[in-house]
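Quick note on numbering: the numbering used here labels position 385 of the sequence shown as 385, and the sequence is numbered without any gaps.
Even for Gly, the Cβ is constructed at its ideal location relative to N, Cα and C.
All of these numbers come straight from a predicted model, not from anything done at the bench.
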Amino acid sequence: MNGGETAVAVTEQAAAAQGEWFGHPKGLYVLFLTEMWERFSYYGMRALLVLYMTKYLILHADQGMKVFGYAAVHAFIQWFVGLFGVHDRLSVQALSSQIYGLYTGFVYFTPFFGGILADRVFGQRKSVYIGGVLMAIGHFLMASQRLFFLALLFLILGNGCFKPNISTQVGNLYPEGDHRRDSAFTIFYMGINLGALFSPLVCGTLGQTIGWDWGFGAAGVGMLAGLCIYHFSRHLLPPDRIMKKAESDDQAAEQKITATEWKAIGSLIFLCIINIVFWAVYEQQGNTLQLWADQHTRWTFFGVHLPSSWYQTFNPFFIILFAPLLDKFWERQSARGKEPSSVTKMGIGCVLLGGAFPIMILASKVIGQGQGSLLWLVSTTWLFTMGELYLSPIGLSFVTKVSPARMVSMMMGMWFLSSFFGNYLAGFIGGFYGVMTKEAFFTLLTALGIGAGLIFFAVNKPLRKAIGHDI
1 MNGGETAVAV
11 TEQAAAAQGE
21 WFGHPKGLYV
31 LFLTEMWERF
41 SYYGMRALLV
51 LYMTKYLILH
61 ADQGMKVFGY
71 AAVHAFIQWF
81 VGLFGVHDRL
91 SVQALSSQIY
101 GLYTGFVYFT
111 PFFGGILADR
121 VFGQRKSVYI
131 GGVLMAIGHF
141 LMASQRLFFL
151 ALLFLILGNG
161 CFKPNISTQV
171 GNLYPEGDHR
181 RDSAFTIFYM
191 GINLGALFSP
201 LVCGTLGQTI
211 GWDWGFGAAG
221 VGMLAGLCIY
231 HFSRHLLPPD
241 RIMKKAESDD
251 QAAEQKITAT
261 EWKAIGSLIF
271 LCIINIVFWA
281 VYEQQGNTLQ
291 LWADQHTRWT
301 FFGVHLPSSW
311 YQTFNPFFII
321 LFAPLLDKFW
331 ERQSARGKEP
341 SSVTKMGIGC
351 VLLGGAFPIM
361 ILASKVIGQG
371 QGSLLWLVST
381 TWLFTMGELY
391 LSPIGLSFVT
401 KVSPARMVSM
411 MMGMWFLSSF
421 FGNYLAGFIG
431 GFYGVMTKEA
441 FFTLLTALGI
451 GAGLIFFAVN
461 KPLRKAIGHD
471 I
């Protein structure tokens, strides 16, 4: 048995020693709860971000309120969009959309480097601690309007350390070829969305009804709760790569990448490029669709007016409701030998995403400039949520299946890197929300989603042949 095989054996024995709950290692539920609270903090802040900028921060900054770095950021964005022929001064909505896109983009840019640091220096566990502390600081800094951009920087850097190293630890719980891996990532994904479900109800309500700083502060408390769960339950987790290297004479990190591994890496890079389009369309949820929820949707029920940020609960609610059902559906397909490959599932996800927006095209024609029923957003969100379930957790599982073990955190970071470009593209596209007709804008989103899905379908067989095993 070589060093690499010894390390795998150590991982499997450590995980097995901790026992299981509901057919999965106990460590899965530790990671579930840790990620749940981290996502509570992230989505709680995100639910308020565009509303905070359009209704308060950007408005007052333009009128002279002190926000450190605002002038430089505004000038850079104005210069950048000018490269694409947009020379008029950006409106409050357009500038807010650009900042939103840059922030959510860079949140997924830094995990690539956080993954490299984890693989080579800190290990996955220490990286999670570093990332969690940085993010907690960032959320609390959001309570100060002057430190807005500094707070975003802390959140971006913290997420870079945290995000890839939680996800890869899920994969570490299972030996290669374990059929439970896709199911584990689906369960883990439910934890993400359980946090996302409650965060707008708590952070959004506090921010919109009491004060913005209350909402952002609640997000910081959530991050600290996640760190506490992770710390006091760390004995249930398998050793990460740095720990295994210390326990064995594993020198895999110095090995050259083989031809087979290069094919796997190349396939991942290609899929990441297509994945950019998915996130560019999907992330309109926190941007232009949130504006639609605020401006064109009735939120008064039986005389009670609800915060429009509650719209952000629809997506996680549907994920929690339908993820276990979809998991059972895939199990039945697998038993009959008809379960789609990972790449085909991701293609289905893109088609469902694009297929959701014709509902908004119709809503635009019916509602016009007025306010309409919440059902337009409910049905649209349900459909693209089903698309998300077919793509996002499957993508996370796919990375851990095909990546070389010695660089899995870096490859997970690369998967999130596609979300960087997708999120920025979401902000760039969202800047046209106020200048295009709503019908044209939602038609563009439809075409992008379905087009990406067709590419996934087209490359399924070539990728399977290149990687050399079932994907």
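If residue i sits next to residue j, beta carbons under 8 Å apart, how far is it from one beta carbon to the other, in whole angstroms?
i: Thr313; j: Leu201; result: 6 Å
i: Phe428; j: Ile187; result: Incorrect: roughly 34 Å between the Cβ atoms, too far for contact.
i: Lys26; j: Glu35; result: With 8 Å as the limit, Lys26 and Glu35 do not qualify as a contact, their Cβ atoms being about 15 Å apart.
i: Tyr52; j: Ala61; result: 12 Å between Cβ atoms; not a contact.
i: Gly44; j: Ala218; result: 6 Å
i: Phe216; j: Ala136; result: Rounded, the Cβ-Cβ distance is 11 Å, inconsistent with contact.
i: Leu194; j: Pro316; result: 7 Å
i: Ile116; j: Leu95; result: About 33 Å; that fails the 8 Å criterion.
i: Gly372; j: His296; result: 6 Å
i: Val277; j: Leu448; result: 5 Å
Nearest by alpha-carbon distance to residue i: which of the options is it?
i: Trp330; options: Leu389, Ala405 and Leu463; result: Leu389
i: Arg181; options: Leu353, Lys401 and Ser418; result: Lys401
i: Gly286; options: Tyr311, Ile276 and Ile273; result: Tyr311
i: Trp382; options: Ser403, Ile394, Gly354 and Arg406; result: Gly354
i: Glu283; options: Pro239, Asn423, Thr168 and Gly387; result: Asn423
i: Val81; options: Gly449, Leu425 and Pro307; result: Leu425
i: Val128; options: Phe162, Gly395, Tyr230 and Thr209; result: Phe162
i: Glu439; options: Ser409, Leu391, Ala363 and Asn275; result: Ala363
i: Leu374; options: Arg406, Ile455 and Pro307; result: Pro307
i: Phe420; options: Ala293, Trp299 and Val281; result: Val281
i: Leu141; options: Leu155, Ala47 and Phe278; result: Leu155
i: Met411; options: Thr110, Gln98, Gly131 and Leu134; result: Thr110
i: Phe318; options: Arg464, Phe442 and Met190; result: Met190
i: Leu463; options: Gly266, Ala184 and Val92; result: Gly266
i: Ala458; options: Lys345, Phe416 and Pro358; result: Lys345
i: Gly434; options: Leu90, Ser409 and Met65; result: Leu90
i: Ile269; options: Phe301, Gly387 and Leu417; result: Leu417
i: Arg125; options: Ile166, Phe149 and Arg146; result: Ile166
i: Leu197; options: His74, Leu271, Arg39 and Lys328; result: Arg39
Quickly, what does DSSP pair residue i with across the bridge? List them, please.
i: Glu20; result: Pro25
i: Val304; result: Phe301
i: Gly372; result: Thr297
With a threshold of 16 other CB atoms inside 10 Å of the CB of residue i, please say whether the residue is buried or exposed.
i: Val366; result: exposed
i: Leu173; result: buried
i: Glu176; result: exposed
i: Ser334; result: exposed
i: Ile257; result: exposed
i: Cys228; result: exposed
i: His87; result: exposed
i: Leu28; result: buried
i: Leu454; result: exposed
i: Asn460; result: buried
i: His24; result: buried
i: His139; result: buried
i: Thr437; result: exposed
i: Ala264; result: buried
Starting from residue i, trace the alpha helix (DSSP H) in both directions and tell me its first and last residue.
i: Ile348; result: Ser342 to Ala356
i: Thr381; result: Leu375 to Val402
i: His60; result: Ile58 to Asp62
i: Val121; result: Note, Val121: premise wrong, no alpha helix (DSSP H); not H, not E.
i: Thr104; result: Val92 to Val107
i: Leu237; result: No alpha helix (DSSP H) holds Leu237; DSSP gives it neither H nor E.
i: Lys55; result: From DSSP, Lys55 is part of no alpha helix (DSSP H); its letter is neither H nor E.
i: Pro175; result: Neither: Pro175 is in no alpha helix (DSSP H) and is coded neither H nor E.
i: His296; result: Here His296 belongs to no alpha helix (DSSP H), and DSSP marks it neither H nor E.
i: Ala184; result: Arg181 to Ser199
i: His74; result: Tyr70 to Gly82
i: Asn423; result: Val408 to Gly430
i: Gly337; result: Neither: Gly337 is in no alpha helix (DSSP H) and is coded neither H nor E.
i: Glu261; result: Ala259 to Tyr282
i: Gln285; result: From DSSP, Gln285 is part of no alpha helix (DSSP H); its letter is neither H nor E.
i: Gly207; result: Thr205 to Thr209
Taking only heavy atoms of the ligand COA into account, decide whether any of them is closer than 8 Å to the Cβ of residue i.
i: His296; result: Ligands in the displayed structure: none, and consequently the ligand COA is not present.
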